[in-house]
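To start, the structure itself, in structure tokens.
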Amino acid sequence: MNVLFSLWQWLRGDERAVETARVAHVIDGDSIRLEDGREVRYIGVDAPELVREEPWASRARAANVRLVEGKRVRLEREVSQVDRYGRLLRHVYVGRRWVNGWLVEQGFARARLYPPDVQRGEELTALQKQAQARGRGMWGRKRPWWQFWR
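Numbering (our numbering), first residue to last: 67 to 216.
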């Protein structure tokens, strides 16, 4: 029902493209829960999955915790309001730091673009190439599972 209400608000133009909120909990390397209970999925980012026990999943979550948990963040929407699971799709900022980009740049996540939310796709792809070239995070030398993340 919450998804339908959010969609209705968005269609009416009630949803702001930019808002601030406090992060109550980090779910994993690319999603968070806000104090008001809404969940946010980072646009253009795909971190290893904790549920599947993928390599680097716990490190990606830990990095995300250090960045955002308990902090006030700025949320910026592109085109889509929510994903198919009802999570808000947003670029997330702590101060001036773009969290989505930082996670990719440090090798805790990879760039993953889903149209129509691709406005910063080239930037994310460039950050991933930079992380790969520098062997950061999951792109480091010890990665017997690398073929799953290239």
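Glycine included, every Cβ here is placed at the ideal spot set by N, Cα and C.
Remember, predicted model here, so these are calculated numbers, not experimental data.
Whole-angstrom distance between Asp94 and Ser124, CA atom to CA atom
Between Ser124 and Asp94, the C-alpha separation is close to 8 Å.
Cβ-based neighbour list, Glu85, same chain, cut-off 8 Å, excluding 5 preceding and 5 following
Arg140 and Leu141
Proximal residues to Ala157 (C-beta, below 6 Å), its chain only, five neighbours per side dropped
The displayed chain sequence assigns His, not Ala, to residue 157. Closer than 6 Å at the Cβ level, and outside the excluded window around His157, lie Ile109, Glu142 and Asn166.
Am I right that Arg202 and Gln172 are in contact with their C-beta atoms under 8 Å? What's the rounded C-beta distance?
6 Å
Residues in its own chain within less than 7 Å of Val170 by CB, not counting five upstream and five downstream?
Val111, Arg176, Ala177, Leu190, Leu193, Gln194 and Ala197
Who are the near neighbours of Trp212 in its chain, counting only those whose CB is closer than 7 Å to its CB and skipping five residues on each side?
Because the pLDDT of Trp212 is 46, which lies under 50, any placement of that residue in the model is unreliable, and the number read from its coordinates should be weighed accordingly. Cβ within range, chain order: n/a, list empty.
Would you please verify whether the beta carbon of Gly136 is less than 9 Å from any beta carbon of chain D?
Of the chains in the structure shown, none is chain D; there is only one protein chain.
Contact under 9 Å by Cβ, Val145 with Pro182
Yes, the Cβ-Cβ distance between Val145 and Pro182 is below 9 Å.
Going by DSSP, name the residue or residues bridged to Leu154.
Looking at the DSSP assignment, Leu154 forms a beta bridge with Val106 and Val148.
Give the single residue among Tyr180, Leu179 and Val106 whose Cα lies nearest to the Cα of Glu135.
Val106
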